[in-house]
Structure formats: structure tokens, C-alpha cells
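Engineer: Note that UniProt numbering numbers the sequence shown so that position 404 is 404, with each residue one more than the last. Here a beta-carbon is modelled for each residue, glycine too, at the ideal position from N, C-alpha and C.
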Amino acid sequence: MIWKSVVGKLWLTILLLVSFVLFVLTILLLEFFENFHVQEAERDLRQTANKISLIMKQHDDMELSQSIAWELVDEVTRVVIFSEKGDFTHSPNPEIDHLPADFFLNDRELSLVFEDQPIVTKKTYLPESHFSDEMQGEIMIVGIPLHLDENKEGAVFVYQSLLAIKETSKQTTKLILLAAGFAIFLTTIFAFFLSTRITAPLRKMREAAFEVARGKFDTKVPILSSDEIGELGMAFNQMGRQLKFNINALNQEKEHLANILSSMADGVITLNRDGSILVANPPAEKFLQAWFYQEGNTSGQDLPQEVMDMFQRAVSVEKEQSIELSYQGRTWVIVMSPLYTNTHIRGAVAVIRDMTEERRLDKLRKDFLANVSHELRTPIAMLQGYSEAIVDDIAGTEDEKKELASVIYDESLRMGRLVNDLLDLARMEAGHISLNYEQADIIAFIEKISRKFQVLAKEKGIALHTEVDGIGTMEIDVDRMEQVLTNLVDNAIRHTEDNGSIDIHVKVLDHGVKISVKDSGVGIPEEDLPFVFERFYKADKARTRGQAGTGLGLAIVKNIVEAHNGTISVHSKLGEGTTFSMFFPKSL
């Protein structure tokens, strides 16, 4: 509706204000003109009465003075001259010849005039009275004392009907009302035009404000004037530019913060005061997924109960809290810190760090120390025991001494191999391995490995087969790659029963070379497969069969393959055999 708009309100306000002013002004003007006409009539009647009184005093001839006095009055004015005895004479007016003296004034009013007190009074005569039509209604009567001589006293009364004044006032009222109506009409047009002109820029600002609210911060308001509305438009445009700048800055900060949270290795969860999740980055979601998969959300909470308890403690004591949890074989350390506003705590932030690798490395370090100690303890004990036997002359013959010395020599070689393997593995894991690349013929290289183990395979009745699909060369470190295949084939021979088989298969592809070593041995248990490439790994003691192995061979193999930018994997089933597969890309 128009009354709810700024145009309607401004238009109605101006119209009501002008109407109220015109109404008050009309009332005052009407009252003023009516009083003015009455006062003018009273003044004229006084002047006429004074003139008649003066004429009556100046002429002794009564008839002459009356005839002169009657000439002073007009058609609407009447004169009555009273004597103190009650006689009266009136201007030529047949309509009041037969009226008594007290028809005009009562005794009290007459006595006041006779006592030299002029009076002005108004009387209303009804239509059935004896006056003509022009003398009907309200009549103004002015009376003044008349002193002819010491013996003659009287009074002059001049009266006039107020119908003419009323008619004049009525015409004046019509003119004033007509002018007021015309003024209201002009005011209506002017107010509508003015309100429309004033509110047109405001409507454009409203439309622009809606556009800005919808995200179109480039919207501008046209500046059509240099007044306050124009300045408001300039301020609106400046506000839009500043708002766009601030929104862009906030979006950049938000995107920057989101990128930081997304790229963090640690999980971050921001919690509200009631414990609900506000922000969670991908590592934190991974933690929540692991918890939900293992424990399930039976409590209806968004976080594990342990984390919620830690949150309550952090908020209540206003101190940092920490806890360590394990889900799905992974370990997380959670540190919870309260978030403050200026006056109170508004929530908490939890930093979740995946400590699985650290715990695994710590376990490997402990296992490494235990395994090294175990591997060195046996040869050291044997060296110590046999050397004591020689020192104490327990061996009586030279052959026994040679046998003891031979055992000491073999154990020293074993210790040397273990130390060398450890040093090689340490250098490889530290990235200090150096490879001497050269172009090697694949078929010749595989045949060399096959010839190297043919004699050992025949001794155990194992069939060693080689197969090469394709012709080509590989850019490799021949010595290191020979060490890889020697280790794998040697392990296959040692863990394959008699009359078994070992297959070395090479396939030349467009994007690389695939090499696999497959045996028909006892296989590796499924639970041990993820750990076969770790140092000192020995899955089943029965598979070693008393053979001296350091447990570092496969760890060294993996490091050499990865140094060639290759990959290695293992597949095995108990009683069916094991397959080691390697892939080397052409672009090394």
C-alpha cells in the first residue's frame, strides 16, 4: 500500500500539516473578518448617532434638525429619538410607526442612556415581528444621550440590521474556503511531486541495497544531486566498495585458513561451548571415521567419550588436557586447549596427531637393539667359549685346535657379514647409496644369475627356470641388482623343499621391466606378510632350518629396488610358495 511507503508517508505528512495550518488560518481569518465588519458597523453607527446628536443641538428648529438628521441615514439604517417623557421620533419608516418605545430597549437600557452612558447592544427579532425582511434577524443598536437644553433631555438610537454583515461574512467565508481548497489541491500535487522526487533516489538505493544483499557488491547508485541525498548515494557507493573489499578479504582469510587446515598433517577440531564440532580438517575426519568404524556412535555424540570428558575438563579447569587413543591399529595423541573471548571461554580446540609411525619407529628401534644384541650374542659367546678352550689347552691335539680356530673364524665372518649388512642398510636408509648405472642386456643378466645358482639347485633337486618376454636393456647398477636377485633366489632355494621349483620371470613392457621370483616353498603366514621387509625379520624359525641368516637381506633388497625408483611386493600362501615381484620404470 502507498501509505506504507516513504512517498505515501511524506505526502500524507505534508498534506496533513498544510491542511491543519490552513484550517487554523481559515478559522482565524473568519473570526477576524466577522469581528472587523461588526466593529466597523458599530463605529459607523456611533458616528451617525454623534452627528445626529450634534445636529439636534445646533438647530432649535426640531423639524429642520430632524430632516437634516434623516438625510444622514441610508436605506439599512434607522434612527429613533427618545425624549425623557417617553415620546419618540423616528426616521421615515412606516414599519415602526405603531411600535411602543420599549420595543427597542428595555427600561434599564433607556435609563442608562438617559444617565449619559452610551450603550451598544444587539437584539434578535423573529420573522413574525413588525420589521421588514431586511431588518429581520440580529440588529445592532447604538444609543447615546441627547442634551437639547437644561429642560429637555433625550436619547438618540441608531440601529442597523446585521444581515448585510452576515452576508458579507458568508461571501468572505466562501472565498477563504475556496482559496483553502485550491491551496490544498496545489499542496497535494506539490507534496506528491516533492515526495516522489525526494524518494526516487531512495528507491534506487533500496533496489541497490537488495542487489548488494544478494552478493552483487558492484552495484552503484547514480548520483543525481549534490544535496544530502546525493551525499547519501556517494556514501552508499563507498560502503558497497568497502563491503566488497572486506568480504573479499574475509573470503581470502577464510580460504587461507581452510587451506592451512586442509594441508596440516595434524588433525584440528574446533568445538563450541556445548561441545559441538564447528570445524574439522581432513586428518581429524580420518580420526573420527576410525573411531566410528571401530566403536560406533552408540552414545549419539560427535566425538568419543574420552575426548568429550577431556573437553569438559579443559573447559572447567581452563587448562590444556592431553590423551592418547588407539583405533584401527593406529595411535593418536590429542591435545585439547580452551578458547577464550575477552571475558569467558567460548569453546576449545583439539589438535590430533597421528603417532602411529612414531610408535612404530620407536618399537623398531627397541626391536633393532634387541635383535642386534641377540644376533651378536651368539657369535660372541661362541668366540669367547672356543677361545677360552684354546687358552686353557682343552684341545689336546692340533686337529682339535684347528677345528676350534675354524669355528672362531666362521663366527667372526658371520659377525663381519652382520656388521657390513648393518652398515650398508644404514647408508641406504640415510640416502647415501651411490649407484653406478649402465646399460645391461636383460637376457644376459638373467642367464648369469641362473648359472650362479644352478649347482646349488641341483644339489637340492630344485628345478630353476628362467623366462624372458621381450628383448631389451635396462639402465641399472649391475652389481646392486645382482645382489637383489642373489638374495631373493638364495632365500627361495633355502626355503623350498627338495624336488621343488623356482621360476625367474622377466617381462619387458613399454613403460618398464617387471621381474618376479617364484618358488614352491613352504610360504609365509598371512599375518607376517606386512613385516617381511623389516630388519631382522624371521617369520617362522622352522623356515631358517638352522641356517645362519642375519634377517637383513630383504630390507637391503627393498632399499636397492627403491633406489632404482622401483617397487617390490610379495604374495604368499602357506604350503603353496612365495612370489616376489619387482617393477622398474624405464625413465630412471
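1) Rounded to a whole number of angstroms, what is the C-alpha to C-alpha distance between Thr270 and Ala258?
2) Which residues in the same chain as Gln58 place their Cβ atom closer than 6 Å to its Cβ, once the five residues preceding and following it in sequence are excluded?
3) Using beta-carbon positions only, say whether Phe583 and Lys558 come within less than 9 Å of one another.
4) At which residues does the beta strand (DSSP E) containing Gln117 begin and terminate?
5) Which of helix, strand or coil does DSSP assign to Pro222?
6) Provide the residue span of the alpha helix (DSSP H) that contains Asp503, from first to last.
7) Report the three-state DSSP secondary structure of Ala265 (helix, strand or coil).
8) Grab the span of the alpha helix (DSSP H) containing Pro585 for me, first residue to last.
9) Given a threshold of 16 other Cβ atoms within 10 Å of its Cβ, counted over all protein chains shown, does Arg480 qualify as buried or as exposed?
10) Ser326: which of Glu306, Ile380, Leu30 sits nearest, CA to CA?
11) If the criterion is Cβ atoms closer than 9 Å, does the pair Ala191 and Ile52 meet it?
12) Checking 9 Å against the spacing of the C-beta atoms, do Met382 and Val407 come in under that value?
13) Using the three-state DSSP reduction, which class does Arg330 fall into: helix, strand or coil?
14) Which class does Pro338 belong to by DSSP, given the choice of helix, strand or coil?
15) Where Arg273 and Arg313 are concerned, what is the direct C-alpha to C-alpha distance, given to the nearest angstrom?
16) Taking the continuous alpha helix (DSSP H) assigned at Gln454, which residues delimit it?
17) Starting from Ser516, follow the beta strand (DSSP E) in both directions and report where the run begins and ends.
18) Can you give the Cα-Cα distance for Arg414 and Pro379, rounded to whole angstroms?
19) Quick check: what's the CA-CA separation for Ser337 versus Asp266?
20) In this structure, how does DSSP classify Gln301 when only helix, strand and coil are distinguished?
21) Along the chain, where does the beta strand (DSSP E) containing Thr567 start, and where does it finish?
22) For the beta strand (DSSP E) containing Gly472, name the first residue and the last one.
23) Hey, could you find the ends of the beta strand (DSSP E) Gly347 is sitting in?
24) Between the alpha carbons of His344 and Val279, how many angstroms are there, rounded?
25) By alpha-carbon positions, which one of Pro201, Asp218, Ala209 ends up nearest to Ser225?
26) Assuming Ser581 and Lys514 make a contact with CB atoms under 8 Å, what is their CB distance in whole Å?
27) Using beta-carbon positions only, say whether Glu324 and Trp332 come within less than 9 Å of one another.
28) Assign Asp519 to one of two classes, buried (16 or more other C-beta atoms within 10 Å of its C-beta) or exposed (fewer than that).
29) Round the Cβ separation of Thr466 and Ser450 to the nearest angstrom and send it over; I've been treating them as touching at under 8 Å.
30) With a cut-off of 8 Å, do at least 3 Cβ pairs link the segment 521-528 to the segment 483-496?
Structural biologist: With the given structure in hand:
1) 13 Å
2) none
3) no
4) No beta strand (DSSP E) holds Gln117; DSSP gives it neither H nor E.
5) coil
6) From DSSP, Asp503 is part of no alpha helix (DSSP H) but of the beta strand (DSSP E) over 501-508.
7) coil
8) Segment 577-585 is the beta strand (DSSP E) holding Pro585; no alpha helix (DSSP H) there.
9) buried
10) Glu306
11) no
12) yes
13) strand
14) strand
15) 13 Å
16) 442-459
17) 512-519
18) 8 Å
19) 15 Å
20) coil
21) 567-573
22) No beta strand (DSSP E) contains Gly472, which DSSP labels as neither H nor E.
23) 345-354
24) 20 Å
25) Pro201
26) 7 Å
27) yes
28) buried
29) 5 Å
30) yes
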